[in-house]
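In full-length UniProt numbering, the protein residues as written are 1 to 248.
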Amino acid sequence: MADKPQRRIADILINLMELLIVEDDPEIGQLLQDTLTREGFSCRLATDGLQALEDFRLYQPDLIILDLMLPQLDGLEVCTRIRQTTHLKDPYILMLTAKGEEIDRVIGLSTGADDYLVKPFSPRELVARVRALLRRSLRQAPSRTYQTAHFRIDLEQRVATRSLSEEAEILDLTPLEFNLLATFLSYPGRVWSRSQLIEKLWGDDFFGDERVVDTHIGRLRKKIEPDSSQPTFLKTVVGVGYKFEDVG
């Protein structure tokens, strides 16, 4: 009962966030927009890949609902280009696919999608997925500072730094990447399974495939490792999960 006011506040904050729907089918696009608008969301609608990129640059939405099959540029290419744009807001991406084949889901996650939804789907499920993704950005870590030989992370100020030389470098991390690094730094040397990381970072708000963790690990490695293809700090434990080591 005690958390109901906080939940209501979270829902209010979520409804202040901006959504971009990218769908070339007019009926489906209108259905998505009407459904989410009724739930209180502010939504824009793009009908092809090029328009999606332009709207992303202009409006910097908090979440993008992205169809896989699009004219001009397909959803995978749009997703890839958005993730490569480091100076703009890094939105959550919910990818829509009509195929439902595993390879499409894996490719979508590998290009940076946070979740996927297979057509046909119910409006209730769509709204649940959208709210679950947006709640992730509202999760706050405890006020503490963690430090290892080369890294320091201030959870109160939300600042992470890396010191590979004499000067410290501020890391440009997304909220999820920040929380992921904080989790590893809070328990150096501990091995985390995918399910444990999901529980730690997303809790009951998670929907989808556990392999989305691999995508975020890969993106974090590119920002903290000298060579992401040969990780020094964030290591894979085959058959188990991941661990962070920084022994100096």
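For every residue, glycine included, the Cβ atom is placed at its ideal position computed from N, Cα and C.
Check, Outcome
"So within the UniProt domain \"Response regulatory\" (18 to 134), which uninterrupted beta strand (DSSP E) runs reach at least 3 residues, ignoring any that extend past its ends?", "18 to 22, 42 to 46, 63 to 67, 92 to 97, 115 to 118"
"Please state whether DSSP places Q196 in a helix, a strand or coil.", "helix"
"If you follow the alpha helix (DSSP H) that residue 329 is part of, which residue opens it and which one closes it?", "In the structure displayed, the chain extends from 1 to 248; residue 329 sits before or after that span and is not available."
"With DSSP run on the structure shown, which of helix, strand or coil describes T183?", "helix"
"Expressed to the nearest angstrom, what Euclidean distance is found between the alpha-carbon atoms of L201 and S163?", "25 Å"
"What three-state label does DSSP hand R136 in the structure shown?", "helix"
"Can you find the residues in the same chain that come closer than 8 Å, C-beta to C-beta, to Q196, ignoring five residues on each side of it along the sequence?", "G241"
"Between L176 and V130, which are expected to be in contact by the criterion C-beta below 8 Å, what is the C-beta distance as a whole number of angstroms?", "L176 to V130, Cβ: 16 Å. No contact."
"Return yes when the Cβ of T148 is within less than 8 Å of the Cβ of L185, no when it is not.", "yes"
"Measure how close the beta-carbons of D24 and D67 come, nearest whole angstrom, since I'm counting them as under 8 Å.", "7 Å"
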